[in-house]
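K.L.:
The opening residue of the sequence shown carries number 3 in this note's numbering; numbering runs sequentially from there.
Even glycine gets a Cβ: it sits at the ideal position worked out from N, Cα and C.
Quick one: this structure, given as C-alpha cells, is what I'll be asking you about.
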Amino acid sequence: MTRAAPHVTHEVLNQVPPLAGYDVADDPALTEALRREAPRREAPRREAPRAAEADGWESWEGELHELGQRAGSAQTQELARLANEHPPVLRTHDPRGNRIDEVEFHPAWHELMATAVGHGLHATPWLDGTPGAHVARAAKFYVWAQAEAGHGCPISMTYAAVPALRHEPGLAGRFEPLLGSRTYDPGLRVPDSKAGLLSGMAMTEKQGGSDVRANTTQAVPAGDGYQLTGHKWFCSAPMCDLFLVLAQAPEGLSCFLLPRVLPDGTRNSMRLQRLKDKLGNRSNASSEVEYDGAFAWLVGEPGRGVATIIDMVSATRLDCVLGSAATTRQACVMAIHYASIRRAFGATLAAQPLMVSVLADLALESQAATTLAMRLAGAADRAARGDAGELALLRLALPAAKYWVCKRTPMVVGEALECLGGNGYVEESGLPRLYRDAPLNSVWEGSGNVTALDVLRALARTPGSADALLAEVDLAADGDRRLDAAAARLRRELKEAVAAGTEAQYRARRLAGLVAVTLQAALLVRHAPGAVADAFCASRLGPAAAGNGPGAPFGTLPDGLDLRPIVVRSSPATDCG
Ligand SMILES: Cc1cc2nc3c(=O)[nH]c(=O)nc-3n(C[C@H](O)[C@H](O)[C@H](O)COP(=O)(O)OP(=O)(O)OC[C@H]3O[C@@H](n4cnc5c(N)ncnc54)[C@H](O)[C@@H]3O)c2cc1C
Numbered sequence: 003m004t005r006a007a008p009h010v011t012h013e014v015l016n017q018v019p020p021l022a023g024y025d026v027a028d029d030p031a032l033t034e035a036l037r038r039e040a041p042r043r044e045a046p047r048r049e050a051p052r053a054a055e056a057d058g059w060e061s062w063e064g065e066l067h068e069l070g071q072r073a074g075s076a077q078t079q080e081l082a083r084l085a086n087e088h089p090p091v092l093r094t095h096d097p098r099g100n101r102i103d104e105v106e107f108h109p110a111w112h113e114l115m116a117t118a119v120g121h122g123l124h125a126t127p128w129l130d131g132t133p134g135a136h137v138a139r140a141a142k143f144y145v146w147a148q149a150e151a152g153h154g155c156p157i158s159m160t161y162a163a164v165p166a167l168r169h170e171p172g173l174a175g176r177f178e179p180l181l182g183s184r185t186y187d188p189g190l191r192v193p194d195s196k197a198g199l200l201s202g203m204a205m206t207e208k209q210g211g212s213d214v215r216a217n218t219t220q221a222v223p224a225g226d227g228y229q230l231t232g233h234k235w236f237c238s239a240p241m242c243d244l245f246l247v248l249a250q251a252p253e254g255l256s257c258f259l260l261p262r263v264l265p266d267g268t269r270n271s272m273r274l275q276r277l278k279d280k281l282g283n284r285s286n287a288s289s290e291v292e293y294d295g296a297f298a299w300l301v302g303e304p305g306r307g308v309a310t311i312i313d314m315v316s317a318t319r320l321d322c323v324l325g326s327a328a329t330t331r332q333a334c335v336m337a338i339h340y341a342s343i344r345r346a347f348g349a350t351l352a353a354q355p356l357m358v359s360v361l362a363d364l365a366l367e368s369q370a371a372t373t374l375a376m377r378l379a380g381a382a383d384r385a386a387r388g389d390a391g392e393l394a395l396l397r398l399a400l401p402a403a404k405y406w407v408c409k410r411t412p413m414v415v416g417e418a419l420e421c422l423g424g425n426g427y428v429e430e431s432g433l434p435r436l437y438r439d440a441p442l443n444s445v446w447e448g449s450g451n452v453t454a455l456d457v458l459r460a461l462a463r464t465p466g467s468a469d470a471l472l473a474e475v476d477l478a479a480d481g482d483r484r485l486d487a488a489a490a491r492l493r494r495e496l497k498e499a500v501a502a503g504t505e506a507q508y509r510a511r512r513l514a515g516l517v518a519v520t521l522q523a524a525l526l527v528r529h530a531p532g533a534v535a536d537a538f539c540a541s542r543l544g545p546a547a548a549g550n551g552p553g554a555p556f557g558t559l560p561d562g563l564d565l566r567p568i569v570v571r572s573s574p575a576t577d578c579g
C-alpha cells in the first residue's frame with residue numbers, strides 16, 4: 003500500500019499581516035493641524051494649573067494618541083466587525099403585545115459608544131468653552147471614526163444638537179450638561195433622570211429630504227408644548243433620548259425637541275415602523291417613525307424651523323468632512339501598509355514606480371482632506387466664540403468642503419481597495435465595509451447637488467463670505483505660481499457666479515470643487531512639506547485638472563515630482579512591516 007505524500011500546500015507566503023496595534027493618531031497632517039488650530043491653553047490665574055489644563059495642545063495630543071492606540075488595536079477592530087456583522091434589531095412589541103419601540107444592539111456597539119462618549123466626542127466641548135476645545139474634539143472624532151464609522155452618527159448628532167438647542171435657553175440649560183456628560187447611559191428613561199443623553203434629528207419625510215419646507219408633519223399647541231402628528235422617512239439612531247424635529251406649526255415650519263420618554267415616565271408616541279436595510283452604515287439603526295400626537299417642546303421662534311435647525315446641520319456637515327477625511331486616511335494607510343510588504347515581480351509593490359504614483363496620489367488626497375477638515379474645525383471653534391470673519395469663511399468653505407471631500411471619498415476607497423488586489427475585495431480585509439460606508443457622508447446632511455447649491459446661497463446671502471475665503475487663499479500668495487493662477491480664477495468665478503444669479507446653478511458643482519481644491523492648495527502651500535504642496539498644485543491645479551481635481555483615475559500624476567516623501571508622510575507607524 004502506498005502512503006500519501008505529506009500535505010505541503012499550507013505554507014503561507016507573501017501574505018501581509020493585518021494592520022493592527024498601531025496609533026491611528028500618528029498622522030503628521032493631523033497633529034500639525036491640531037497645533038496650528040488649537041492654541042495653547044492659558045493656565046488659570048491665581049490657581050495652580052491642573053495637569054490637564056497646563057500645556058494646551060500637548061495635553062490634547064496625549065488624549066489623542068491614547069485614543070489612536072485604542073482605535074488601531076486588534077480588540078477595537080474586532081468590536082467594529084461584530085457591531086457591523088450583528089446589526090441592530092427592532093423590537094416593536096413586548097411578548098404581551100404592548101408597544102415598546104426599542105432597538106437592540108450588539109454589546110460591541112455599546113462598547114464603541116462608551117469609548118466615544120467617554121472621550122467627549124459628542125457634546126462635551128460645548129461645556130468646556132476653552133479656545134481649541136472644538137478642534138481637539140474634531141481631531142479625536144477623526145481618529146475614532148477610523149475605528150468604526152457607523153456609531154459616529156449619534157455621536158455627531160449629539161454634538162450638533164447643542165447650537166440649535168441654544169435657541170431655547172431654558173431647554174439648553176436643562177439638557178446641555180447631560181448631552182455633554184462623559185457617561186454613556188443607554189436605555190429609555192426620563193431624560194432628566196439619566197447620567198448622559200444622546201440626541202438625534204428628524205427632518206426627512208417620504209416626499210422629500212432636501213426640500214424640508216414640504217414637510218407635512220403637523221404640530222398643534224398643547225399645554226407647555228405641542229402635539230406632533232405625522233411621519234419621518236429617515237430617523238437614525240432612534241434609541242436617542244431627544245430628537246430635533248421639523249414640523250408645521252400654525253406659524254409655519256418650526257423646530258421642536260421631542261423626548262423619547264415623557265417627564266412622567268411614559269413612552270412618547272413615537273412609533274418605530276421599521277429599520278432601513280442599508281448599503282453600509284450597518285452597525286447604526288436608521289428607522290422610519292410615526293408620531294401619533296407625540297409631545298414636543300418648541301425650539302426657537304415658531305415658523306423659523308429651518309433657521310433654527312441649520313445650526314445643527316452646519317455642525318453635522320463639519321463632521322461629514324471630518325468623517326470622510328478619516329475614511330480617506332484609513333483607506334490610504336491600509337493601501338500603503340499592504341503595498342509596503344506584498345511583493346510582486348521581485349520587489350515590494352510600494353517599490354514599483356507605477357504603484358508609487360497611485361499611493362502618492364491617494365496620500366495627497368488624504369493629506370489635503372485632513373488639512374482642510376481641521377482648518378474648518380478651527381474656524382468653527384473660533385466662530386463659536388464670536389469671530390465673525392471665521393464664521394463668514396465657514397459659511398462658504400464648509401458646504402464646498404462637504405461637497406468635495408465627501409464626493410472624493412468613494413473613489414479613494416475604490417482605488418485603495420485595488421492596491422490590495424483580490425484581498426481588498428474580501429470582507430476580512432476591512433475595505434469592503436469602508437467601501438460600503440464611503441458614499442454616505444455625501445448623501446445625508448445635504449446631498450452633493452444641495453451642498454453645491456448652498457455655496458451659491460452663501461455667496462448671495464453672506465457677501466462677506468467670498469472676501470473671507472479669498473483672504474484665506476491670499477495668505478499663500480506668491481507661494482506657488484499655479485496657486486496664484488487658481489486664486490485669480492477663483493476670484494473671477496465667484497464674481498461671475500454672484501452676477502449670474504440662478505443661472506449659476508448649472509455650474510455649482512464646478513464652483514464648489516474649485517473653492518475646495520484652491521483652499522486645500524493654499525493650506526498645503528503654507529503648511530505642508532514642499533514635495534506635498536508641489537505635487538498637489540501640479541496635479542490638482544494644472545490645466546488638465548482645471549481647478550476641479552484630476553479627471554483621470556488616481557495614479558496619473560505628472561512627471562518630475564518627488565513622490566516618496568508624500569507616501570512616507572501618510573504611512574502608518576507600525577512594526578508589522
Ligand atoms: C443612512 C441614512 C441615514 C439618514 N438619517 C437621517 C436622519 O437621522 N434624519 C433625517 O432627517 N434624515 C436622515 N437621512 C436622510 C437624508 O438626509 C436625505 O436622504 C437627504 O437629505 C436627501 O433627501 P432625499 O432622500 O429626500 O432626496 P431628494 O431630496 O429627493 O434628492 C434626490 C437627489 O436630488 C438632488 N436635488 C435635490 N434638490 C435639487 C436641486 N434643487 N437641484 C439639483 N439637484 C437637487 C439631491 O442632491 C439628491 O441627489 C438619512 C439618509 C441615509 C441614507
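For Y228, which three-state DSSP category applies?
P.N.:
Residue state, collapsed to three classes: strand.
K.L.:
What did DSSP end up calling P223 once you bin it into helix, strand or coil?
P.N.:
Here P223 sits in strand by DSSP.
K.L.:
Can you list the alpha helix (DSSP H) stretches of 4 or more residues lying completely in the segment 443–493, in chain order?
P.N.:
Fully enclosed alpha helix (DSSP H) runs of 4 or longer: 450–463, 466–476.
K.L.:
Which of the three DSSP states, helix, strand or coil, is assigned to D439?
P.N.:
Three-state DSSP puts D439 in a helix.
K.L.:
From which residue to which residue does the alpha helix (DSSP H) around Q522 run?
P.N.:
Where Q522 is concerned, the enclosing alpha helix (DSSP H) stretches over 510–529.
K.L.:
In whole angstroms, what is the alpha-carbon distance linking R319 and K404?
P.N.:
Computed Cα separation, rounded: 6 Å.
K.L.:
Starting from S1, follow the beta strand (DSSP E) in both directions and report where the run begins and ends.
P.N.:
Not covered by the structure: residue 1. The range shown for the chain is 3 to 579.
K.L.:
How is F538 classed by DSSP in three states: helix, strand or coil?
P.N.:
Three-state result, F538: helix.
K.L.:
Strictly by DSSP, which residues pair up with K142?
P.N.:
K142 is not bridged to any residue.
K.L.:
Put V500 into one of helix, strand or coil per three-state DSSP.
P.N.:
Looking at V500 - three-state DSSP - the assignment turns out to be helix.
K.L.:
Tell me which residue opens and which closes the beta strand (DSSP E) that C257 is part of.
P.N.:
Where C257 is concerned, the enclosing beta strand (DSSP E) stretches over 254–261.
K.L.:
Taking M159 and S201 to be in contact with their CB atoms under 8 Å, please state how far apart those CB atoms are, rounded to whole angstroms.
P.N.:
Confirmed, Cβ separation roughly 6 Å.
K.L.:
I need the DSSP call for G210, collapsed to helix, strand or coil.
P.N.:
Correct three-state label for G210: strand.
K.L.:
Roughly how many angstroms lie between the CA atoms of G416 and G175, to the nearest whole one?
P.N.:
Taking the straight line joining both Cα atoms gives about 45 Å.
K.L.:
How is G549 classed by DSSP in three states: helix, strand or coil?
P.N.:
Confidence at G549 is low in this model, with a pLDDT of 47, below 50, so the placement of that residue should be treated as unreliable; the coordinate-derived value is given next. G549: coil per DSSP, three-state reduction.
K.L.:
Under the DSSP definition of a beta bridge, which residues are partnered with H95?
P.N.:
Note: H95 sits in a beta bridge opposite R101.
K.L.:
Taking Cβ to Cβ, would you say R83 is nearer than 8 Å to G282?
P.N.:
No; because the gap between Cβ atoms is not below 8 Å, this pair is not in contact.
K.L.:
Compute the beta-carbon to beta-carbon distance between V517 and A399, rounded to the nearest angstrom, for a pair I have assumed lies under 8 Å.
P.N.:
That belief holds up - the Cβ atoms of V517 and A399 are roughly 7 Å apart, short of 8 Å.
K.L.:
How big is the Cα-Cα spacing for V360 and F556?
P.N.:
Approximately 6 Å between the Cα atoms of the pair.
K.L.:
Measuring straight from C-alpha to C-alpha, what distance separates S256 and A530?
P.N.:
When rounded, the distance between both Cα atoms is 45 Å.
K.L.:
Any chance the CB of E505 is under 7 Å from a heavy atom of ligand 1?
P.N.:
Answer for E505: no, Cβ out of range of ligand 1.
K.L.:
Would you check if the segment 366–380 and the segment 132–148 touch, i.e. whether three or more CB-CB distances between them fall below 8 Å?
P.N.:
Cβ pair count under 8 Å is three or more, so yes.
K.L.:
Expressed to the nearest angstrom, what Euclidean distance is found between the alpha-carbon atoms of A575 and H339?
P.N.:
Approximately 9 Å, taken between the alpha carbons.
K.L.:
Per DSSP, Q250 is paired with what?
P.N.:
Per DSSP, Q220, L255.
K.L.:
Quick check on the burial criterion: 16 or more other C-beta atoms within 10 angstroms. Buried or exposed for K234?
P.N.:
K234 should be labelled buried.
K.L.:
Compute the distance between the beta-carbons of G74 and A22, then report whether it is under 8 Å.
P.N.:
Taking 8 Å as the Cβ cut-off, G74 and A22 qualify as a contacting pair.
K.L.:
Excluding the 5 residues flanking P261 on each side, which residues of the same chain have their C-beta closer than 7 Å to its C-beta?
P.N.:
Taken in chain order, the residues that qualify are P193, D243, L244, N270.
K.L.:
Within 10 angstroms of the Cβ of T218, are there 16 or more other Cβ atoms? Answer buried if so, exposed if not.
P.N.:
Flag for T218 reads exposed.
K.L.:
Return helix, strand or coil for K196, following the three-state DSSP convention.
P.N.:
Note: K196 maps to coil in three-state DSSP.
K.L.:
What residue from H121, T33, H153, D564 has the CA that sits closest to R284's CA?
P.N.:
Answer by Cα proximity: H153.
K.L.:
Could you tell me which residues DSSP puts in a beta bridge with S61?
P.N.:
Paired residue(s): none; S61 is not in a bridge.
K.L.:
State the DSSP-derived secondary structure class of C242, mapped to helix, strand or coil.
P.N.:
Here C242 sits in coil by DSSP.
K.L.:
Around the Cβ of G131, are there at least 16 other Cβ atoms within 10 angstroms (buried) or fewer (exposed)?
P.N.:
Classification of G131: exposed, given that the 10 Å Cβ count is below 16.
K.L.:
In whole angstroms, what is the alpha-carbon distance linking L565 and R306?
P.N.:
The alpha-carbon atoms of L565 and R306 are separated by roughly 51 Å.
K.L.:
With a threshold of 7 Å on Cβ separation, who are the neighbours of A53 within its own chain once the five nearest residues in sequence on each side are excluded?
P.N.:
Only weak support is given to the placement of A53: the predicted model assigns it a pLDDT of 42, under 50, and the value that follows is read from those uncertain coordinates. Around A53: no qualifying Cβ.
K.L.:
Have a look at A490 and K497 and give me their C-alpha separation to the nearest angstrom.
P.N.:
If you take the alpha carbons of A490 and K497, they lie about 11 Å apart.
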